[in-house]
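Accompanying notes for the structure given below.
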Amino acid sequence: MKTKTLRKSKANGKQDETHQWPFIRWIESRQRWMVDARTATGGERKFYATKDEAEGAAIIARTKRQNEGASAFDHEELSRYGWTIQRAIKFALDHLKRQSASVAVTDAVKSLLESKRAAGRDENYCTRLSINLGKLTEAFPDKTIASIGTLDLGAFLTKLPLAPGTKNTVRSDCATLWS
Numbered sequence: 001m002k003t004k005t006l007r008k009s010k011a012n013g014k015q016d017e018t019h020q021w022p023f024i025r026w027i028e029s030r031q032r033w034m035v036d037a038r039t040a041t042g043g044e045r046k047f048y049a050t051k052d053e054a055e056g057a058a059i060i061a062r063t064k065r066q067n068e069g070a071s072a073f074d075h076e077e078l079s080r081y082g083w084t085i086q087r088a089i090k091f092a093l094d095h096l097k098r099q100s101a102s103v104a105v106t107d108a109v110k111s112l113l114e115s116k117r118a119a120g121r122d123e124n125y126c127t128r129l130s131i132n133l134g135k136l137t138e139a140f141p142d143k144t145i146a147s148i149g150t151l152d153l154g155a156f157l158t159k160l161p162l163a164p165g166t167k168n169t170v171r172s173d174c175a176t177l178w179s
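Each residue of the sequence shown is one higher than the one before, starting from 1 at the first, in our numbering.
What follows is the structure, encoded as structure tokens:
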């Protein structure tokens with residue numbers, strides 16, 4: 001890590017600041033070293049008895065800012081859930097990649113049925129799979145596979161006028177589509 005040398009203050013001859021965030025200054029009135037880690041949106045100043053303590057605190061603040069990004073200091077709401085900026089970005093990018101690579105439900109069902117038939121699965125199984133997944137394509141004609149969540153699937157199954165055992169078969173066939 002590149003560090004800059006401290007410059008001398010003309011007023012008292014003490015080392016004044018690093019010209020690098022967070023700023024380290026000697027505060028004569030308190031007889032302490034101050035680490036000024038304030039930003040435009042917040043932050044704080046802390047005081048230390050020795051210069052080494054102040055420099056250590058400044059290094060920690062710089063490292064935290066570098067690792068988590070400058071805006072990490074602004075996102076207290078994410079930290080309430082134990083998330084960092086990087087984790088939220090990674091999650092969002094992964095979600096967006098899945099959404100953009102997803103296929104329509106009708107295309108996925110068609111592809112699955114072709115795959116099962118090509119693998120030599122029993123025709124009765126393929127017919128049942130086609131009927132059960134046909135109900136899914138009717139319920140979600142314009143959706144992609146990635147856009148259907150567990151709540152959507154649960155609501156779909158609840159609305160089916162079928163016996164509980166048959167609903168479980170439909171649920172199993174839907175799971176086959178996502179596997």
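Note that beta-carbon positions come from the ideal geometry of N, C-alpha and C, so glycine has one too. This one's a predicted model, so the numbers in the text were calculated from it and none came from an experiment.
DSSP three-state call for alanine 104: helix, strand or coil?
-> Note: alanine 104 maps to strand in three-state DSSP.
Can you give me the start and stop residues for the alpha helix (DSSP H) that phenylalanine 156 sits inside?
-> 150 to 159
Is leucine 151 buried or exposed, if buried means 16 or more other CB atoms sit within 10 Å of its CB?
-> exposed
If you drop the 5 nearest sequence neighbours on each side, which residues of the same chain put their C-beta closer than 6 Å to that of leucine 112?
-> Leu177
Minimum C-alpha distance to serine 29 - residue among Ala163, Ala49, Cys126 = For the residues Ala163, Ala49, Cys126, the minimum Cα distance to serine 29 belongs to Ala49.
C-beta atoms of lysine 143 and leucine 160 nearer than 8 Å | no
Does DSSP put isoleucine 63 in a helix, a strand or coil?
-> First, the residue type needs correcting, since residue 63 is threonine and not isoleucine in the sequence shown. Note: threonine 63 maps to helix in three-state DSSP.
How many Å lie between alanine 92 and tyrosine 81 at the Cα?
-> 15 Å
When you compare each of Thr63, Lys110, Lys64 to proline 141 by their alpha carbons, which one comes out closest?
-> Lys110
Alpha carbon to alpha carbon, what distance is there between histidine 95 and alanine 54?
-> 41 Å
DSSP state of glycine 120, grouped into three classes?
-> coil
Nearest-angstrom Cα separation, counted from serine 100 out to asparagine 168 = 30 Å
DSSP puts lysine 46 in a beta bridge; with which residues?
-> Looking at the DSSP assignment, lysine 46 forms a beta bridge with Val35.
CA-CA distance, phenylalanine 156 and threonine 127?
-> So the two alpha carbons sit approximately 21 Å from each other.
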